[in-house]
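Heads up, the sequence shown stops at 102 in the UniProt record's numbering, and the numbers go up one at a time, no gaps.
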Amino acid sequence: MEQPLPNQKARLEQSFKEADKAREELTDSISNSVAANCDLLHHGLVSAKGLEVTTEMYRYLLGRLLRHPSGEVRSQVLDSFNQSMEKFWPRKAGSSNDGTAQ
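Below, the structure written as structure tokens:
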């Protein structure tokens, strides 16, 4: 009766691997869907209300997220904000980060 045990273990491990792969694919799919919907929402807001009003809405949203009572939410928002800043406004080579004049 010990023969089925290794086989069952292998099938169980394979099942876990397949479940992990499916979870990763679902996460990627959800992320892509959210990103696409955010793009559509942004363009819709700009078309309907204009860039200035949309920018004010984003400032309000970011301010609320950064003041969120959950430290985890604040931390994630700040991390995402900093990554976005680096992507769109990278630091110039040789610039100081300590705020002192050179």
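For each residue, glycine too, the CB sits at the ideal point set by N, CA and C. All values reported here derive from a predicted model rather than from experimental measurement.
Pair within 8 Å by beta-carbon distance, Met57 and Leu65: Position 57 of the sequence shown, counted from the start, is the residue given in the question as residue 57. Position 65 of the sequence shown, counted from the start, is the residue given in the question as residue 65. No.
Coarse secondary structure for Met1, derived from DSSP in three states: Working through the sequence shown from its first residue, we reach residue 1 at position 1. With a pLDDT of 47 at Met1, under the threshold of 50, the modelled position of that residue is not reliable, and the figure given next carries that caveat. DSSP places Met1 in coil when its eight states are reduced to three.
Beta-carbon separation (whole angstroms), His68 vs Arg74, contact threshold 8 Å: Taking the first residue of the sequence shown as 1, we reach residue 68 at position 68. Taking the first residue of the sequence shown as 1, we reach residue 74 at position 74. Going by Cβ atoms, the distance from His68 to Arg74 rounds to 5 Å, so yes, they are a contact pair.
Where the alpha helix (DSSP H) containing Lys87 begins and where it ends: By 1-based counting over the sequence shown, the position of residue 87 is 87. Gly71 to Phe88 is the span of the alpha helix (DSSP H), which, as asked, contains Lys87.
Close Cβ partners of Thr100 (< 6 Å) along its chain, the five nearest in sequence each way excluded: Working through the sequence shown from its first residue, we reach residue 100 at position 100. Its pLDDT being 46, under 50, Thr100 is placed unreliably by the model, and the measurement read from it follows with that caveat. Taken in chain order, the list of residues that qualify is empty.
Beta-carbon contacts of Thr54 that lie in its chain and below 6 Å, excluding the five residues immediately before and after: Against the sequence shown, residue 54 aligns to sequence position 54. Cβ within range, chain order: Leu45 and Val46.
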